[in-house]
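Novice: Per this note's numbering, the very first residue in the sequence shown carries number 85; after that it's consecutive. We put the beta carbon where it would ideally sit given N, CA and C, even for glycine. Remember, predicted model here, so these are calculated numbers, not experimental data. What follows is a single structure, and I will ask about it in a moment.
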Amino acid sequence: FPFCTFWSMLSLYLLPAKNGEEPTMQFLLEVVDILTNYIRKTFDRSTKVLDFHHPHQLLEGIEGFNLELSDQPESLEQILVDCRDTLKYGVRTGHPRFFNQLSSGLDIIGLAGEWLTSTANTNMFTYEIAPVFVLMEQLTLKKMREIVGWPGGEGDGIFSPGGAISNMYSVMVARYKYYPEVKTKGMSAAPRLILFTSEHSHYSIKKAGAALGFGVENVILLKCDERGRVIPADLEAKIIDAKQKGYVPLFVNATAGSTVYGAFDPINEIADLCEKYNMWLHVDGAWGGGLLMSRKHRHKLSGIERANSVTWNPHKMMGVPLQCSAILVREKGLLQGCNQMCAGYLFQPDKQYDVTYDTGDKAIQCGRHVDIFKFWLMWKAKGTSGFEQHINKCLELSEYLYTKIKNREGYEMVFQGEPQHTNVCFWYLPPSLRGMPDCPERRERLHKVAPKIKAMMMESGTTMVGYQPQGDKVNFFRMVVSNPAATKSDIDFLIEEIERLGQDL
Ligand SMILES: *Cc1c(COP(=O)(O)O)cnc(C)c1O
Ligand SMILES: *[C@@H]1O[C@H](CO)[C@@H](O)[C@H](O)[C@H]1NC(C)=O
């Protein structure tokens, strides 16, 4: 390498190459420079949220950015360009005006945690190879169970690759509790089992039903009130109906913070029915679980301590970098019993330490990413009170939005009353639709408004917000706030932008 300039150098001169230390440090500092520049711009409101390109444009390659893999090694210079362009054509999910997803924001401590995690590059299988991370996971899960309200923080749990997987764990554990023989004999060892969930449910329960062999037909959807909360009387009627058909009601999924409306099901009333009919109660707090950290808002989840299992995604409301999701189980031992296979090459019983810390056999995965460290580090850095302040602030912002638009000309709320979570669901009516009586034509036209505005938003790159239809309701905007960088001025901006882009539709 003395004969070539640094940047035309190839990666094979980096560590572990002989004399590779110097170029390695230089290269990594360049990478850090790219990342810190990106971070600085992400928080700068004059930067766009995204620089949108169509798939074919990115595939064709733009100005030296080529996605095709190469047979020959490329120079470090090109590698740095690739890093820069990857960020350039992506979406700045930490931007104060990014409202598109339930996970948004860029927490600096969390990011540092993720860097450290990748540097450590280990696996959560066993205490043997992840001693510190395994202990952090155990301690954090216990703390989360205390916050849920289980005495002494007793119980079990594991971090999983996301809420959908955490929900799937809950169904597996419930089935194992009531029909443990399914683990060895398969579903033919059980009667026809029924799962219940809200009609507003995230589709992950249906997926779990299909993947676990229950069958989508045995996932029964429960009616909701106009605010999107499950109606307990409908649950009881459907339980009775299933029993009359000779089926076995197994599992009820109550939602704490539904994905679109942000609705909280009445957990206590559902828990009463689960006790009466001897069913497993799961609370899906993927989105709403974060509210448990707020003394002001945690009453919305009252009754959660009666759940048998809880999904809670710190990567949503708590702003932890993706991915970070926990499944918590009240009864100890079930998770292990349900999933363990005792692979001899990982979980040797005759190790020199307490092998109950080899928690990896509770997982349905083999290898498991270290998701705990960034969360643990954020908790250390903010304290429980810092999370509380973050949650309260996000809810205040959505209240601000709700108050601002509920009586504003050109807006219609999808449901009446204060939102329970940060979800604010609304239609924007361009002047051409205002005053038009409700009729199929109006519905058809209104259905197209949100997608058009969204497309223009993305093309101008100024902000992003989600939309969707729900039941018989045509496309509406779903605004959510979980981004700690967002302020009232960003909410104002969103409204101005919707009006600017939508006024001539
Ligand atoms: C987001 C969400 C999920 C799925 O979580 P992922 O982490 O995206 O897998 C499940 N349930 C609810 C209520 C959600 O909002
Ligand atoms: C429960 O309901 C919620 C939302 O309503 C949904 O996200 C989740 O996937 C459901 N499923 C399970 C297994 O809990």
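Thinking just about the alpha-carbon of each residue, which of Y211, L142 and I231 is nearest to the one in G387?
Specialist: Comparing Cα positions, the closest option is I231.
Novice: Would you list the one or two residues that DSSP bridges to T281?
Specialist: In the DSSP output, where bridge partners are listed per residue, T281 has L305 and N337.
Novice: In terms of alpha-carbon separation, which member of T203, G241 and G233 lies closest to M220?
Specialist: Of T203, G241 and G233, the residue nearest in Cα terms is G241.
Novice: What residue from T170, V133 and L164 has the CA that sits closest to G145's CA?
Specialist: The shortest Cα separation from G145 among T170, V133 and L164 belongs to T170.
Novice: Counting only the same chain and skipping the five closest in sequence on each side, list residues whose C-beta sits under 6 Å from that of I123.
Specialist: Correct list: empty, nothing qualifies.
Novice: Using CA atoms only, rank isn't needed, just tell me which of R311, P215, K477 and V165 is closest to P568.
Specialist: Out of R311, P215, K477 and V165, K477 has the C-alpha closest to the C-alpha of P568.
Novice: Fully enclosed by the region 433 to 512, which beta strand (DSSP E) runs are 3 residues long or longer?
Specialist: The region 433 to 512 contains these whole beta strand (DSSP E) runs: 495 to 497 and 508 to 512.
Novice: From this set, K532, D434, M401 and T440, which residue's C-alpha is nearest Q420's C-alpha?
Specialist: Taking only the C-alpha atoms, the option nearest Q420 is T440.
Novice: Could you check which residue in Y345, K329 and G330 has the C-alpha nearest to that of E310?
Specialist: For E310, the nearest C-alpha among the options comes from Y345.
Novice: As an exercise, report each continuous alpha helix (DSSP H) stretch of at least 4 residues that is fully enclosed by the region 382 to 429, in chain order.
Specialist: If we require 4 residues or more, the alpha helix (DSSP H) runs fully inside the region 382 to 429 come out as 418 to 423.
Novice: For the structure I just gave you, are there three or more beta carbon pairs, one from the region 328 to 338 and one from the region 352 to 366, closer than 8 Å?
Specialist: Cβ pair count under 8 Å is three or more, so yes.
Novice: Any chance the region 302 to 318 sits against the region 250 to 259, with 3 or more Cβ pairs inside 8 Å?
Specialist: No, they do not touch.
Novice: Does the beta-carbon of N491 have 16 or more other beta-carbons within 10 angstroms, so that it is buried, or is it exposed?
Specialist: When all chains shown are included, N491 counts as exposed.
Novice: Starting from W364, trace the beta strand (DSSP E) both ways and give me its first and last residue.
Specialist: It spans W364 to G369 - the beta strand (DSSP E) in which W364 sits, taken as one unbroken run.
Novice: In chain order, what residues of the same chain have a beta carbon less than 6 Å from the beta carbon of E320, not counting five sequence neighbours either side?
Specialist: These residues qualify, in order along the chain: L357.
Novice: Does the beta-carbon of G293, which I'm using as the reference point, lie nearer than 6 Å to any heavy atom of ligand 1?
Specialist: No, the Cβ of G293 stays beyond 6 Å of every heavy atom of ligand 1.
Novice: Got a sec? Which residues, its chain only, sit under 8 Å from I475 by beta carbon, not counting five neighbours each side?
Specialist: Closer than 8 Å at Cβ, skipping near neighbours: G374, L375, M377, S378, H381, M401 and M402.
Novice: Per the DSSP calculation, L225 is bridged to which residue(s)?
Specialist: Note: L225 sits in no beta bridge, so no partner.
Novice: Just verifying my parser: in three-state terms, what is the DSSP assignment at I579?
Specialist: Note: I579 maps to helix in three-state DSSP.
Novice: Evaluate the contact criterion for the region 166 to 181 versus the region 132 to 148: three or more CB pairs, one atom per stretch, below 8 Å.
Specialist: Counting Cβ pairs under 8 Å, three or more are found: they touch.
Novice: Looking at C-alpha atoms only, which residue of K327, W371, K384 and S342 is the closest neighbour of I351?
Specialist: Here the closest residue by C-alpha is K384.
Novice: Report yes if the CB atom of G550 is closer than 7 Å to the CB atom of N121, and no otherwise.
Specialist: Result no, Cβ atoms of G550 and N121 do not sit closer than 7 Å.
Novice: Compute the Euclidean distance between the alpha carbons of S469 and M228, then round it to the nearest angstrom.
Specialist: Their Cα atoms are separated by approximately 14 Å.
Novice: Please write down, chain order preserved, every residue whose beta carbon lies under 7 Å from a heavy atom of ligand 1.
Specialist: That query returns the following residues: L186, G246, G247, A248, I249, N251, H286, S288, T339, G341, S342, T343, D368, A370, W371, T395, N397, H399, K400, Q407 and S409.
Novice: Looking only at DSSP bridge pairs, what is R562 linked to?
Specialist: Answer by DSSP bridge pairing, in chain order: C509 and G550.
Novice: Keeping to the same chain, check which residues put their C-beta closer than 7 Å to that of G148; ignore five residues upstream and five downstream.
Specialist: V165, listed in sequence order.
Novice: Can you find at least 3 beta carbon pairs, one from the region 523 to 533 and one from the region 503 to 513, that sit closer than 8 Å?
Specialist: A contact exists between the region 523 to 533 and the region 503 to 513.
Novice: Which of the three DSSP states, helix, strand or coil, is assigned to G241?
Specialist: It is a strand residue.
Novice: Tell me whether K322 sits in a helix, a strand or coil according to DSSP, three-state version.
Specialist: Helix, per DSSP.
Novice: Can you say whether K572 is buried or exposed, counting buried as having 16 or more other CB atoms within 10 angstroms of its CB?
Specialist: Exposed, by the Cβ-count rule.
Novice: In three-state terms, what does DSSP make of L585?
Specialist: Note: L585 maps to helix in three-state DSSP.
Novice: DSSP on F87, reduced to helix/strand/coil?
Specialist: Caution applies to F87, whose pLDDT of 48 falls short of 50 and renders its modelled position unreliable; the model cannot decide the point.
Novice: So, for I213: in the same chain, excluding its five sequence neighbours on each side, which residues have a beta-carbon less than 8 Å away from its beta-carbon?
Specialist: Only T206 and N207 meet the Cβ criterion.
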